[in-house]
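In the UniProt record's numbering, the protein residues as written are 1 to 124.
Glycine residues also receive a C-beta, built at the ideal position from the N, C-alpha and C atoms.
Everything below concerns the one structure shown next.
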Amino acid sequence: MARRRKIHLLTYVRATIALTLLVVWSLAAITGFLLEFSPKGYGTGRLPLFLSLTRSQWGDVHFLVCVIALCVTVVHVLLDWRVLRGYLSYLLKSHQHPDLFEQRSHIRKEFFSIHNRPDEPTQK
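Here it is in structure tokens:
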């Protein structure tokens with residue numbers, strides 16, 4: 001008989017939240033595109049558009065999906081706050097150089113010392 005894997009609750013929750021984010025934000029994008037490219041104007045909100053829902057009903061669905069997506073995003077950020085903070089500190093520290101200003105002033109001095117030489121005598 002095969003041994004069952006031990007389920008780590010936090011890993012399971014993180015994976016579920018990540019998949020939920022993917023699905024919910026995809027639904028928000030699809031309903032947003034549907035609303036953007038649907039007919040606009042007087043009286044079009046009462047005509048069935050897709051899946052027998054009107055434009056105004058699709059607007060309500062889009063709003064609800066976006067609120068759910070925002071809530072799931074907040075939960076995702078709260079669960080992975082330490083990881084996010086670690087990524088941000090790594091990115092900020094990896095692009096800094098301790099003596100950045102000294103290097104620039106050194107390069108500037110070299111540039112001006114090369115270009116401010118007295119004219120060399122021309123060869124005849």
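Problem set entry | Contained beta strand (DSSP E) runs [length at least 3] in the UniProt domain "Flavinylation-associated cytochrome" (17 to 81), N- to C-terminal order | 48 to 50
Exercise. Of the choices Tyr42, Ala29 and Phe37, whose alpha-carbon is the least far from that of Leu64?
Worked result: Reading the sequence shown from its first residue, position 64 is the one you call residue 64. The shortest Cα separation from Leu64 among Tyr42, Ala29 and Phe37 belongs to Ala29.
Exercise. Given that a residue counts as buried once 16 or more other Cβ atoms are within 10 Å of its Cβ, and exposed if not, what is Thr31?
Worked result: Mapped onto the sequence shown, residue 31 falls at position 31. When all chains shown are included, Thr31 counts as buried.
Exercise. According to the neighbour-count rule (16 or more other Cβ atoms, all chains shown, within 10 Å of its Cβ), is His95 buried or exposed?
Worked result: Locating residue 95 in the sequence shown gives position 95, where the first residue counts as 1. The residue is exposed, with fewer than 16 neighbouring Cβ atoms inside 10 Å.
For this session: Can you have a look at Val24 and say buried or exposed, based on whether 16 or more other CB atoms are within 10 angstroms of its CB?
Result: Locating residue 24 in the sequence shown gives position 24, counting from the first residue. Counting Cβ neighbours within 10 Å, Val24 comes out buried, since at least 16 surround it.
Exercise. Mind checking His62: buried by the 16 CB within 10 Å criterion, or exposed?
Worked result: Mapped onto the sequence shown, residue 62 falls at position 62. By the neighbour-count rule (16 or more Cβ atoms within 10 Å), His62 is buried.
Exercise. Under the three-state reduction of DSSP, which class applies to Lys6: helix, strand or coil?
Worked result: Looking up residue 6 in the sequence shown gives position 6. Lys6: coil per DSSP, three-state reduction.
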